[in-house]
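Our numbering numbers the first residue of the sequence shown as 44 and each following residue consecutively.
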Amino acid sequence: MDLGPLGYSSNRDPKSIGSVSEERYVLEKPIPPASPANAPKAVKDAYEKHVKDDNQVSCVMLETMVTELQKQHEDMKAHEMIVALRQLYQGQSRHERFLVSKALFSCKLSSGNSVGPHVLKMIGYITNLEKIGFSLQKELETDLILQLLPKLYKGFVMNYMMHDLDKPLPELLKMLQTAEENLTKGKGVETRACHVFVLKPCSFL
Numbered sequence: 044m045d046l047g048p049l050g051y052s053s054n055r056d057p058k059s060i061g062s063v064s065e066e067r068y069v070l071e072k073p074i075p076p077a078s079p080a081n082a083p084k085a086v087k088d089a090y091e092k093h094v095k096d097d098n099q100v101s102c103v104m105l106e107t108m109v110t111e112l113q114k115q116h117e118d119m120k121a122h123e124m125i126v127a128l129r130q131l132y133q134g135q136s137r138h139e140r141f142l143v144s145k146a147l148f149s150c151k152l153s154s155g156n157s158v159g160p161h162v163l164k165m166i167g168y169i170t171n172l173e174k175i176g177f178s179l180q181k182e183l184e185t186d187l188i189l190q191l192l193p194k195l196y197k198g199f200v201m202n203y204m205m206h207d208l209d210k211p212l213p214e215l216l217k218m219l220q221t222a223e224e225n226l227t228k229g230k231g232v233e234t235r236a237c238h239v240f241v242l243k244p245c246s247f248l
């Protein structure tokens, strides 16, 4: 079984553990105090139903956990489990976000290395941040890629910013690869090679 970061099967969501939607409320609402003996029947029935639903959801949650998590949560009610798991997940998510963002912001292209794999790696980091709920603004994504290019691409960056281009990252990647080819082949000085390349896509805007 493929297990996710919380010990669940990767195709399960903790909020969908209940076998029917009516039982999922136990994840958000703790079991209330036991009803007094003189409580109305409706109150007693609601309490008994909550206990029953909680037991069922708790069992399903425990069954889908890895052994270590089962031992940690076996004495908890469903609401207590979900609170504990959320805290665990948030801690893991923050740590993962730190590592991915650190790798992204330090992903500088060294002179002589190909721009294609470099930009693809940055796009991968950006995508990973989106998956853990930390999306960057589109403009910041582009700025990061352009700022971490070596001086060789100074002309490309100046023209891209001057013409206020707003390209999706895959298209920006293609533009940079073409600029790299022009620079490698020695088609004019650096600024001219980038200038000719950048203006070409503008013709169909």
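Yeah, the Cβ is synthetic: ideal placement off N, Cα and C, and Gly gets one too.
Keep in mind that this is a model prediction, so the values were computed, not measured.
Closest Cα partner of residue i within the set the options
i           : options               : result
residue 140 : 172, 83, 151 and 111  : 172
residue 72  : 80, 83, 92 and 82     : 92
residue 143 : 131, 119, 164 and 201 : 164
residue 103 : 218, 226 and 70       : 70
residue 150 : 135, 191, 110 and 197 : 191
residue 226 : 66, 206, 208 and 198  : 198
residue 156 : 220, 84 and 187       : 220
Own chain, CB closer than 7 Å to residue i, minus 5 neighbours either side, in chain order
i           : result
residue 78  : 86, 87 and 90
residue 228 : none
residue 84  : none
Three-state secondary structure (DSSP) of residue i
i           : result
residue 177 : coil
residue 109 : coil
residue 120 : coil
residue 161 : helix
residue 70  : helix
residue 153 : coil
residue 98  : helix
residue 171 : helix
residue 192 : coil
residue 88  : helix
residue 131 : helix
residue 147 : helix
residue 186 : helix
residue 208 : coil
residue 16  : As displayed, the chain neither begins before 44 nor continues past 248, which places residue 16 out of reach and without an answer.
Proximity of residue i and residue j at Cβ, strictly below 8 Å
i           : j           : result
residue 168 : residue 147 : yes
residue 158 : residue 106 : no
residue 22  : residue 94  : Because the chain here runs from 44 to 248, residue 22 falls outside it and cannot be looked at.
residue 166 : residue 212 : yes
residue 154 : residue 195 : yes
residue 218 : residue 210 : yes
residue 125 : residue 97  : no
residue 127 : residue 138 : no
Residue-chain proximity (residue i, chain D), Cβ-Cβ < 8 Å
i           : result
residue 214 : Protein chain content of the structure displayed is limited to a single chain, and chain D is not contained in it.
Neighbourhood of residue i by C-beta, 6 Å cutoff - its chain only, sequence neighbours within 5 removed
i           : result
residue 216 : 162
residue 200 : 189
residue 193 : 152 and 154
Element boundaries [alpha helix (DSSP H), containing residue i]
i           : result
residue 216 : 212-228
residue 198 : 197-205
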